[in-house]
Amino acid sequence: GVIKMSGFAAISTVIVLSSVVVVIATTVSLLSINEAQSSLSQYKGEDNLTLIEGCVEDVMLKIRSNETYNGISIARPQGTCSITYNLGGAGPTNWDLTVTSSATPYQRSIRVIFTRSASGLTLTSWKEV
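What the sequence shown shows, in this note's numbering, is residues 673 to 801, in sequence order.
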């Protein structure tokens, strides 16, 4: 009888330890997957922010050379941005723009306020909204 009970105890211990190891491994795997998804989202968001900043710079260059610029989109190799004029129209002196990417899952926007004069552009505000 003693040998049978110790065999049962050994098998029970192995089963319990195996269950604990499987639970720990599953938890670690799920946490790793969530971390990877978070990291990818952050990377895509930063990549999209880089696109928007490039679009804002392009728009400002166009406005610097043309005081009546009123384009509503900028196409870049990384994607397309849309331009919204917050003052109801384009310049020619005071500008308030919001530039947004067309990428929906990781969409970012920048609002930029500046003035245009003969000597160039004077930036008042550049912030992500």
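Beta carbons: idealized from backbone N, C-alpha and C, even for Gly.
Please read these numbers as outputs of a predicted model, since none were measured by experiment.
Within the same chain, and ignoring the five residues on either side of Leu721 in sequence, the residues whose Cβ sits closer than 6 Å to its Cβ are Arg780. Non-local beta-carbon contacts of Val728 in its own chain, meaning distances under 6 Å to residues more than five positions away in sequence, involve Val771, Ile782, Val784 in chain order. Secondary structure note for Thr787: its beta strand (DSSP E) is the uninterrupted segment 781-789. The alpha carbon of Ile724 has as its nearest neighbour, out of Gly792, Ala775, Val694, the alpha carbon of Ala775.
Inter-segment contact for the stretch 727-747 and the stretch 755-769 is present: three or more beta-carbon pairs are separated by less than 8 Å. Under the three-pair Cβ rule at 8 Å, the stretch 753-763 counts as touching the stretch 732-743. Ser773 counts as buried, since at least 16 other C-beta atoms from the protein chains shown sit within 10 angstroms of its C-beta.
Nearest neighbour of Lys716 by Cα position, chosen from Ser745, Gln750, Ser704, Val688, turns out to be Gln750. Looking at the DSSP output, Lys716 shares a beta bridge with no other residue. Phe786 has its alpha-carbon roughly 7 Å from the corresponding atom of Leu793. Collapsing the DSSP output to three states places Thr765 in coil.
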